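Everything on this sheet refers to the single structure shown next.
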Amino acid sequence: MSFQPIVPASGLVGWNFLERTYETQTEVFNSSVVITRDTEYFEANISKVQSAEDLVSDRRLMRVALGAFGLQDDINNTYFIRKILEEGTIEPGSLANKMSDSRYADFSEAFGFDLGIANTQLSDFADKIIAKYRAQEFEIAVGEQDEDMRLALNAQRELTELAESDASERARWFQIMGNTPLRTVMETALGLPDSFAQIDLDQQLEVFTEKAKQQLGMDSISDLSDDETMNKLVERFLLRSQVSNFASTNSASIALTLLQA
Numbered sequence: 022m023s024f025q026p027i028v029p030a031s032g033l034v035g036w037n038f039l040e041r042t043y044e045t046q047t048e049v050f051n052s053s054v055v056i057t058r059d060t061e062y063f064e065a066n067i068s069k070v071q072s073a074e075d076l077v078s079d080r081r082l083m084r085v086a087l088g089a090f091g092l093q094d095d096i097n098n099t100y101f102i103r104k105i106l107e108e109g110t111i112e113p114g115s116l117a118n119k120m121s122d123s124r125y126a127d128f129s130e131a132f133g134f135d136l137g138i139a140n141t142q143l144s145d146f147a148d149k150i151i152a153k154y155r156a157q158e159f160e161i162a163v164g165e166q167d168e169d170m171r172l173a174l175n176a177q178r179e180l181t182e183l184a185e186s187d188a189s190e191r192a193r194w195f196q197i198m199g200n201t202p203l204r205t206v207m208e209t210a211l212g213l214p215d216s217f218a219q220i221d222l223d224q225q226l227e228v229f230t231e232k233a234k235q236q237l238g239m240d241s242i243s244d245l246s247d248d249e250t251m252n253k254l255v256e257r258f259l260l261r262s263q264v265s266n267f268a269s270t271n272s273a274s275i276a277l278t279l280l281q282a
């Protein structure tokens, strides 16, 4: 039986425990038979891949490649994934750039099959993808017990990377807005309603930046590289989500009581 992450409670109590034990828990998780088998195969074979066709033809490589970007549900969509990879991200009109979910562009850019030589030939490529895959798999395992914890872990990891990127401020915000898990965390932490996603994108950007400034003291996405700012974001997300879940459960309980009366 594979190791299951330990999450003793929901909300901030569970989060604080998870943070304290993260290094130990991930070390044990990464040494499991399934993770070890997947990552060793990827490390040994990814450098042989020189085209999108090569990659989608190998399901074991695809499992790690897609899993590293949270796209594991697309493993059977080989034609779609091949097109995402072959068109790349250099051309603005490519399929990956047209997708509302920015993870597809991140995935395509990472492999670089639209370049002269694919990134799979780089000496550190396997290590980078494997690190992302391990993190994603651990987060999935945590999410089986508490989805909010999974979202918080993912946000902490991906937003830190985004904060350290050299993309423009506008581009970084649009990456958050186009990434469903990150958007969920940001919207919840800032107290924005589900209907917020229906308004004009430029208006959304304006509201996001204004609310982030007011509630988190953020002048830029780069501020999320600061532990205090990141902790504030995660704590607000967990607290607001817990309150929302409690309210929904309580309302359902009241409705059930009335129906049974």
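When we follow the numbering used here, the leftmost residue of the sequence shown carries the number 22, and every step to the right adds one.
The beta-carbon is built from N, C-alpha and C at its ideal position, and this holds for glycine as well.
Every value quoted in this text rests on a predicted model; they were computed, and no experiment measured them.
7 Å CB neighbourhood of residue i in its chain, flanking five on each side removed
i: Asp127; result: Phe90
i: Leu82; result: Phe63, Asn66, Ile67, Val70, Leu76
i: Leu259; result: Gly32, Leu33, Trp36, Asp169, Ala173
i: Thr57; result: none
Buried versus exposed call for residue i [16 or more other C-beta atoms within 10 Å across all chains shown]
i: Phe146; result: buried
i: Asp248; result: exposed
i: Tyr125; result: buried
i: Pro29; result: exposed
i: Asp148; result: exposed
i: Arg155; result: buried
i: Ile220; result: exposed
i: Ala188; result: exposed
i: Ala192; result: exposed
i: Arg41; result: exposed
i: Ile275; result: Legend: pLDDT at Ile275 = 43, less than 50; position of this residue unreliable, value from coordinates given subsequently. Exposed: under 16 other Cβ atoms inside 10 Å.
i: Ser216; result: exposed
i: Val264; result: exposed
i: Leu280; result: Residue placement at Leu280 cannot be trusted, given a pLDDT of 37 that sits under 50; the coordinates are not used to answer.
i: Thr141; result: buried
Cβ neighbours of residue i in the same chain (closer than 6 Å, five flanking residues each side left out)
i: Asn286; result: The chain is shown only over 22 to 282; residue 286 falls outside these bounds and no answer can be derived.
i: Asp244; result: Thr250
i: Phe50; result: Phe24, Phe159
i: Ser123; result: Gln196, Gly199, Asn200
Near the ligand ATP: residue i beta-carbon under 7 Å from a heavy atom
i: Tyr100; result: Annotation note on the ligand ATP: not contained in the displayed structure, which lists no ligands.
Residue interval of the alpha helix (DSSP H) (run including residue i)
i: Gly199; result: Segment: none, Gly199 is in no alpha helix (DSSP H) and carries neither H nor E.
i: Leu39; result: 32 to 51
i: Ala73; result: 73 to 77
i: Gln225; result: 222 to 237
i: Gln177; result: 168 to 184
4 or more residues per run - each alpha helix (DSSP H) lying fully within the stretch 124 to 152: Segments of the alpha helix (DSSP H) lying fully in the stretch 124 to 152: 124 to 132.
Length-filtered (4 minimum) alpha helix (DSSP H) runs lying within the stretch 85 to 117: Whole alpha helix (DSSP H) segments, 4+ residues: 99 to 108.
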